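Trainee:
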Amino acid sequence: MRFCTTINCMDGRIQLPVIKYLQKRFNAEFVDSITEPGPNLILSKQTNSYLVESILARLKISVEKHMSVGAAVVGHYDCAGNPAKKDEQIKHIEESIRFVRRQYEELEIIGLWVDENWKVQEI
């Protein structure tokens with residue numbers, strides 16, 4: 416069994432496109448899902464330590480127990496949790512990746528953007 420991980424928005428519209436993309440991208444059968452509204456904003460700003468620690472605790476389980484081979488931080492069009500425009504959300508994703516990489520240097524971490532047509536783009 417091979418796992419990867421998504422740190423994704425809770426929005427149901429983007430779940431399947433992201434899972435399918437990550438299964439191919441990481442050649443993984445299973446995708447562990449860590450969901451919060453606007454996780455790219457949460458990890459970028461780190462103003463809510465409870466949510467940041469919760470995300471990291473769940474990522475730890477995925478990495479240590481499921482041996483996750485990679486993770487993605489996801490942002491998307493029309494996000495209620497992070498209503499910023501695409502360019503700003505991309506910055507949030509990039510800042511989030513840098514933060515998570517400091518915690519998990521050995522883990523491949525990528526950023527994904529899901530557009531208005533629910534198409535996944537790696538950034």
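Each residue of the sequence shown is one higher than the one before, starting from 416 at the first, in this note's numbering. The C-beta atom is built at its ideal place from N, Cα and C for all residues, glycine as well. A quick note: this is a predicted structure, and the numbers were derived from the prediction, not measured.
Are there 16 or more other CB atoms within 10 angstroms of the CB of Glu521, so buried, or fewer, so exposed?
Mentor: Locating residue 521 in the sequence shown gives position 106, where the first residue counts as 1. Result: exposed.
Trainee: Specify, as a first and last residue, the run of the alpha helix (DSSP H) that Val488 falls within.
Mentor: As a first step, residue 488 is located in the sequence shown; it is residue number 73 there, counting from the start. First-last for Val488: 485-491, but that is the beta strand (DSSP E), not the alpha helix (DSSP H).
Trainee: Please name the residue in Glu531, Gln518, Leu474, Gln504 whose C-alpha comes closest to that of Ile422.
Mentor: Within the sequence shown, numbered from 1, the residue matching residue 422 stands at position 7. Out of Glu531, Gln518, Leu474, Gln504, Leu474 has the C-alpha closest to the C-alpha of Ile422.
Trainee: May I ask you to list the residues that DSSP assigns as paired with Phe445?
Mentor: Here residue 445 refers to the residue found at position 30 when the sequence shown is read from its first residue. According to DSSP, which records beta bridges pairwise, Phe445 is partnered with Phe418.
Trainee: Skipping 5 residues on each side, what residues in its chain have a beta carbon closer than 7 Å to that of Gly453?
Mentor: The residue labelled residue 453 in the question sits at position 38 within the sequence shown. Here the set comprises Cys424, Cys494, Gly496, Asn497.
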